[in-house]
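Just so it is clear: in the sequence shown, position 21 is 443 by my numbering, and no numbers are missing.
Where a beta carbon is used, it is the ideal one built from N, C-alpha and C, also for glycine.
To start, the structure under review is shown below, and the notes come after it.
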Amino acid sequence: MMCNIVECEQTPEALVLDMPLEVSFEKVNDEITLPQFKPAGK
Numbered sequence: 423m424m425c426n427i428v429e430c431e432q433t434p435e436a437l438v439l440d441m442p443l444e445v446s447f448e449k450v451n452d453e454i455t456l457p458q459f460k461p462a463g464k
């Protein structure tokens, strides 16, 4: 699944493989809600 990682600097140093993430959802409109991931605990 491709999606965005939010609440994290978009650099190779900040985005590490196997980092713990948690899902959050962005409501686009009444019919569409998109999953996004953020670092766990933020």
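One question on the structure: do residue i and residue j come within less than 8 Å of each other, judged by their Cβ atoms?
i	j	result
A462	E435	no
L439	F447	no
Can you give the Cα-Cα distance for residue i and residue j, rounded to whole angstroms?
i	j	result
E431	M423	21 Å
V428	F459	6 Å
L437	E453	31 Å
In the DSSP assignment, find the beta strand (DSSP E) that holds residue i and state where it starts and stops.
i	result
L456	455–461
K449	443–449
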